[in-house]
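Numbering (the numbering used here), first residue to last: 1 to 578. Don't be surprised by glycine CBs; every beta carbon is placed ideally from N, CA and C. Small disclaimer: the values here were computed from a predicted structure and weren't measured.
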Amino acid sequence: MQPRASFVNPVLFRELVEEVKEMGFNPSTMKFAKALHVLQAMSKSTWERKVNVYQKWGLSGDQICLSFRRNTWCMAVSEDKIMRRKRGGPEMKKVMASTSNGSAAMESDEGTKSSSIDFDTAEAMDHIRTLTNVGAMTRLLHECIAYQRSLDLDLDNLLSQRSNLDKQLLHLQKSSETRGFSSFPFLLVEFKNSLKSQKILPPPKNRSPPPIHKLGFLQNPSLSSSLKYNYSSTTTKNQQPFSVSYLINTLGFSQEAAVSASRYVHFETPEKAESVVSFFKNHGFSQTQISKLVRRFPSVLLSDPDKTLLPKIDFFSSKGIPSPDLAKIFSGHPFLFQSSLEKQIIPSFDFYKNLLQSEAKTLEAIKRFPGILQRNIETCVAPNINIFRENGVSESNIITLFQCQPNAFNINPVRFREIVEEVKERGFNPSRLKFALAVFTLRAMSKSTWVRKVNVYKKWGWSEDEISLAFRRHQWCMMASEDKIMRVMDFYVNNMGMESSLLIKNPELVNYSLEKRLIPRGLVFQVLLSKGLVKKDFKMHTFFMCPEKTFLQKFVMPHKEEASELSKLYKEKLASSK
1 MQPRASFVNP VLFRELVEEV KEMGFNPSTM KFAKALHVLQ AMSKSTWERK
51 VNVYQKWGLS GDQICLSFRR NTWCMAVSED KIMRRKRGGP EMKKVMASTS
101 NGSAAMESDE GTKSSSIDFD TAEAMDHIRT LTNVGAMTRL LHECIAYQRS
151 LDLDLDNLLS QRSNLDKQLL HLQKSSETRG FSSFPFLLVE FKNSLKSQKI
201 LPPPKNRSPP PIHKLGFLQN PSLSSSLKYN YSSTTTKNQQ PFSVSYLINT
251 LGFSQEAAVS ASRYVHFETP EKAESVVSFF KNHGFSQTQI SKLVRRFPSV
301 LLSDPDKTLL PKIDFFSSKG IPSPDLAKIF SGHPFLFQSS LEKQIIPSFD
351 FYKNLLQSEA KTLEAIKRFP GILQRNIETC VAPNINIFRE NGVSESNIIT
401 LFQCQPNAFN INPVRFREIV EEVKERGFNP SRLKFALAVF TLRAMSKSTW
451 VRKVNVYKKW GWSEDEISLA FRRHQWCMMA SEDKIMRVMD FYVNNMGMES
501 SLLIKNPELV NYSLEKRLIP RGLVFQVLLS KGLVKKDFKM HTFFMCPEKT
551 FLQKFVMPHK EEASELSKLY KEKLASSK
């Protein structure tokens, strides 16, 4: 449905997944994937603007979230579409103004917003006016329309039920006036049951609260919040589900984590879960790894160990991967158990083995990033590798990049081709390894992130051309975070007295660890300088760039007598950084 939905920076994608989970979506449902796509398709500022539009119609933040959970596409439409500025705009505003419950009605069926504006014909709007005049029937109306649309009925079919609906609504209204408003909720229940029997409304969902909790607000609006509270309180006071107790007592979950996991896995007896836990223990998984695996993939506890889990364990074992590595792979990427062995895992393994021309190299890549076995080879990885080949990137450089960054080719081929062209325009030679590394660097971040990093370097006096020159010399200088760039530049310039321009010639200096390399060596330099053992015009960049063994032999060991405490001081500083 959305082929490009998974083409996004994995770090950002994980953040989006967590955000959708926090919104209350169930990962086992299709709505979760749809919500993920909607959030991915827009920036946070766009989301906020759409929220503001809905708030103009009186919806609260909670109501907007509820609407989004009911119909995710309500946030995919444009701000202009939401406001109905086109043909239906004035009509909808009049209808909204004609009922005190207008915004609530919009909340109950946000699905109508994502439908075509063609529905805003005069006849349809007249039909909506007729129904909204009933006041309390507003929510039911939108529920009817939404359900009929979910059946893909056209406008004529939808309006063909107008006469019957109007008669029943009129009867309901008169009955309510005759028998008193307090009887209205029960009449409404009868009416809804009638609609369901006519297949105008869907049958009730198992998870919905009892009807009285949905309708109580009609008798007394001030009681709506307390009714919701009473219902939720009743459910929490019930006995704790067995699955929650099992996760807490057997796998060491916290109460919160167990309740969260129980949304995706439910069982009343321990036998099935125990068989899965025992399976993992027998295959070398530690208690911590089992808990981590189940926390990420709770429904694994309902798996058949022999049919679902064992074949995948056996496949990797047959390739020579030892049990400790298997436990690490599957506890970190438990969704591999969901992938088909014959249709996904084995074909992917064979593809990478053919690419790397070595089973050993393939296994190393899988150990570093098991998720590559879940990538879509035909629509993503293979096309991007072919784009490299078309542009003259050698097989050896493709292999080197893949070994260095196994996830490098997991991106939309259209975007990948754009990046390749951009790197060529920056003056990189496709026959050099630096070309492949530059492509990966640009692929790993958004354009806005790149601009922010450029601006950080500019703060230290670098020009656009100097930043491009540094990038051509050492691509990883743009992989450092903005905070890391600021801290490293501050260390070199303000603590060590270096010129920032020196780093343009040696941009690899940006990527060294402050705690594990720069600060300990900087301390050694200050001691040597204070004792006159080095000169101020000393080529300081070599001091930080040389390998550890060379550094000790050249700058620490020769000065034992003059600076006896130097070796001890350096080792203590290194130890404190670990």
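Backbone CA spacing between residue i and residue j [nearest angstrom]
i: D325; j: I345; result: 17 Å
i: S78; j: F428; result: 40 Å
i: S448; j: L293; result: 35 Å
i: R179; j: P241; result: Note that R179 scores a pLDDT of 40, beneath 50, so its modelled location is shaky; the value from the coordinates is reported in the next line. Cα-Cα distance, rounded: 43 Å.
i: L566; j: H541; result: 20 Å
i: F253; j: S291; result: 8 Å
i: P298; j: V381; result: 29 Å
i: A35; j: H333; result: 23 Å
i: R87; j: K50; result: A caution first: R87 carries a pLDDT of 41, below 50, which makes its placement in the model unreliable, though a value can still be read off. C-alpha separation (whole angstroms): 20 Å.
i: E562; j: E15; result: 53 Å
i: P507; j: M478; result: 9 Å
i: S317; j: F349; result: 14 Å
i: N386; j: T400; result: 16 Å
i: K571; j: K531; result: 19 Å
i: N157; j: H266; result: Reliability of the predicted coordinates at N157 is poor, the pLDDT of 48 falling under 50, and the value obtained from them is presented with this limitation in mind. Their backbone Cα atoms lie some 41 Å apart in a straight line.
i: E482; j: F491; result: 14 Å
i: S577; j: S286; result: 29 Å
i: Q374; j: L301; result: 21 Å
i: E548; j: R473; result: 23 Å
i: P270; j: P370; result: 30 Å
i: K560; j: V420; result: 52 Å
i: R69; j: M23; result: 8 Å
i: K56; j: A41; result: 23 Å
i: A365; j: L59; result: 50 Å
i: D306; j: D314; result: 11 Å
i: Q289; j: K281; result: 10 Å
i: M489; j: A470; result: 14 Å
i: S339; j: A360; result: 22 Å
i: T585; j: P520; result: Since the first residue of the chain shown is 1 and the last is 578, residue 585 is not available in this structure.
i: R368; j: S513; result: 22 Å
i: L528; j: V534; result: 6 Å
i: V647; j: Q553; result: The structure shown does not extend to residue 647, since the chain is modelled only from 1 to 578, so the question has no answer here.
i: N455; j: N494; result: 19 Å
i: K539; j: Y457; result: 22 Å
i: D154; j: K81; result: Bear in mind that a pLDDT of 45 at D154, under 50, signals an unreliable position, so the number given afterwards is only what the model happens to contain. Taking the straight line joining both Cα atoms gives about 20 Å.
Opening and closing residue of the alpha helix (DSSP H) in which residue i lies
i: A365; result: E359 to R368
i: R70; result: G61 to R70
i: M489; result: E482 to D490
i: F543; result: M540 to M545
i: K343; result: Taken as a continuous stretch (DSSP letters only), K343 belongs to no alpha helix (DSSP H), as it is neither H nor E.
i: I385; result: A382 to E390
i: A35; result: M30 to Q40
i: S323; result: S323 to G332
i: E418; result: P413 to E425
i: V294; result: Q287 to R296
i: C404; result: E395 to C404
i: W73; result: It is not in any alpha helix (DSSP H) - W73 carries neither H nor E in the DSSP assignment.
i: K434; result: L433 to R443
i: F335; result: Neither: F335 is in no alpha helix (DSSP H) and is coded neither H nor E.
i: L566; result: L566 to S576
Residue closest to residue i, alpha-carbon to alpha-carbon, out of the options
i: W460; options: A436, R487 and V439; result: R487
i: S45; options: M75, S60 and D62; result: M75
i: N384; options: I398, N511, G371 and E48; result: I398
i: N52; options: F351, M83, L309 and M545; result: M83
i: P27; options: E271, R296 and K56; result: R296
i: S331; options: V277, F543, E466 and S468; result: V277
i: V423; options: F416, P413 and A438; result: A438
i: I377; options: E395, E390, A273 and K343; result: K343
i: A408; options: S394, V393, E425 and A444; result: A444
i: F337; options: F471, T308 and W450; result: T308
i: E515; options: P311, K31, K484 and F555; result: K484
i: C546; options: R517, S564, M557 and Q526; result: R517
i: S358; options: K31, K328 and S396; result: S396
i: G497; options: N511, W476, Q526 and A480; result: Q526
Cβ-Cβ separation, residue j to residue i (assumed contact under 8 Å), whole Å
i: Q405; j: F440; result: 5 Å
i: L502; j: L569; result: At roughly 26 Å, the Cβ-Cβ gap does not stay under 8 Å, so L502 and L569 are not in contact.
i: F544; j: L509; result: 6 Å
i: P347; j: N391; result: Actually they are not in contact, since the Cβ atoms of P347 and N391 sit about 26 Å apart, beyond 8 Å.
i: S394; j: R426; result: About 19 Å separates the two Cβ atoms, so there is no contact after all.
i: S323; j: G284; result: 3 Å
Cutoff 8 Å: residue i Cβ touching any chain C Cβ
i: I321; result: Among the chains in the structure shown there is no chain C, since it carries only a single protein chain.
Checklist entry - In chain order, which continuous runs of the beta strand (DSSP E) of length 3 or greater are located wholly inside the segment 451-517? => result Counting only runs that start and end inside the segment 451-517, there is no beta strand (DSSP E) element of at least 3 residues.
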